[in-house]
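As structure tokens, the structure follows; a few thoughts come after it.
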Amino acid sequence: MARNRWDREDAPEKHIGLLQLVQMLSLLVIFVAGIIIGIATSPHINRYFDSLAQLTFTNNIASPKISDDNCTILRTCEKVDCLSMEGFVHPDNLTHRMTDDEVLWRASLLPYKKGYPFDRVPKVAFMFLTRGPLPLLPLWERFFRGHAGYFSIYVHTPEDYELNVSTDSPFYGRKIPSKDVEWGSISMVDAEKRLLANALLDFSNERFVLLSESCIPIYKFSIVYKYLIRSKHSFVESYDAPTRYARGRYNQKMLPDIHLYQWRKGSQWFEIQRDLAVYLVSDTKYHTIFKKYCRPACYPDEHYIPTYLNMFHGSLNANRTVTWVDWSIIAPHPPTYDGIDITEGFIQSIRNKGNQCSYNSEMTSVCYLFARKFAPSALVPLLNQTSTVMGF
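Under this note's numbering, the sequence shown has 260 at position 260, and the numbering climbs by one with no breaks.
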């Protein structure tokens, strides 16, 4: 009787234990099934989130937002390969956000590997340092006509000046990021180095000519191009003179880095080869010295490059300029020629001064390729002389 009573009392406990076991087994089955379903569907989930991420990235990065007061419009951008070889060696867009230090550093980079991995046609970089407008623009446009691929143009203007030219002009879109320039200060040298640095970004530029808005070509393009490309030397006027306008501007505080016997003077309007351009944009030490000690009336633009090249690269320089200017009158500035002064005989006299100069260790009568200073009123008479005298 006792055993049966205990059996009846144990029955509910056995029932509860079986129920708990069934619940545990059910949970285990559901858990395993969930894992199996998760593994089976994970590729679809990954693809979904990958697509969502790609869509979000494209909308937010590749499509710039144009905001107005009421809405935000997404503009689809053309895909650009920022690491393309063509964009690296031949940058078409001169508008960039690099600082002077950044663009000078970028321009100073030299490839160690010899040769070029592209068909390189050497070009002449024509660098215009201007006070704003280009009054002789039609003359230069005629000079460049038909010679695309053999030249590049770079224009430095006051910082806020808008260079407005027609879209078919070779000057269109050729203004570099510029800053204001003060005559007679180191800012002139800064502008020259800024032009060189931007021109060096194009690896096909081999020769670099500095010009002003009052300069003109006195020979046709093909003659100028061959003259410069085939030259073994650069053309920077660099001379020593015991006058107050030359040695008199030397500052002894430049010692021991620059001695008086190394000091040189020359025309601001230079023409140099690529290697020398890289050396110039790479220099910080001597530029800093000139900035500190060559102040008015020292005029750094007349001394910095002539002195620097004389000290370190004199063998590469012809020690003369290819830009003619009239210094026959003793004055702070050379005379400016108006329209009434432009005759066939005048242009011919500049082209052939009757003097001989050295070119690749031989004597030649072609010593000047450009001339200055010419007023806006000289444009029409000059255009009348291009076909008969200058050959373009």
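Backbone N, C-alpha and C define an ideal beta-carbon position, used for all residues, glycine too.
Since this is a predicted model, take the numbers as computed values, not measurements.
| query | result |
| --- | --- |
| Contact check, Asn317 vs Leu309, beta carbons under 7 angstroms | yes |
| Beta-carbon gap between Phe128 and Val165 smaller than 7 angstroms | no |
| Euclidean distance between Cα positions of Arg351 and Thr364 | 12 angstroms |
| C-beta atoms of Phe392 and Lys232 nearer than 7 angstroms | no |
| Alpha-carbon to alpha-carbon, Ser152 and Val121 | 12 angstroms |
| Classification of Trp327 by the beta-carbon crowding that lies within 10 angstroms, buried from 16 upward | exposed |
| With 16 other Cβ atoms within 10 Å as the buried cut-off, status of Gln252 | exposed |
| C-beta contact flag for Thr336 and Lys373 at 7 angstroms | yes |
| Top-ranked residue by Cα proximity to Arg142, from Glu102, Tyr161, Asp190, Pro170 | Pro170 |
| Closest by C-alpha distance to Glu86, when choosing among Phe118, Arg106, Thr95, Trp105 | Phe118 |
| Status (buried if at least 16 other CB within 10 Å, exposed otherwise) for Pro332 | exposed |
| Unbroken alpha helix (DSSP H) run spanning His287, endpoints | 285 to 293 |
| Given 8 angstroms, three or more beta-carbon pairs between the stretch 278 to 285 and the stretch 234 to 254 | no |
| Exposed unless 16 or more other CB atoms sit within 10 angstroms - verdict on Arg145 | exposed |
| Beta carbon of Val181 nearer than 7 angstroms to that of Pro300 | no |
| CA nearest to the CA of Ser349, picked from Ser361, Ser358, Phe370 | Phe370 |
| Span of the alpha helix (DSSP H), counted from its first residue to its last, around Arg155 | Note on identity: in this sequence residue 155 is Val, with Arg being the wrong assignment. That residue, Val155, is in no alpha helix (DSSP H); its beta strand (DSSP E) goes 151 to 156. |
| With 16 other Cβ atoms within 10 Å as the buried cut-off, status of Pro381 | buried |
| Between the CA atoms of Ile186 and Trp140 - distance to the nearest angstrom | 28 angstroms |
| Sequence-distant residues of its chain with Cβ nearer than 8 angstroms to Thr130 (five each side left out) | Val155, His156, Thr157, Ser212, Glu213 |
| Buried versus exposed call for Lys265 [16 or more other C-beta atoms within 10 Å across all chains shown] | buried |
| Cutoff 7 angstroms; reference Asn355; Cβ partners in own chain excluding five residues on either side | Cys367 |
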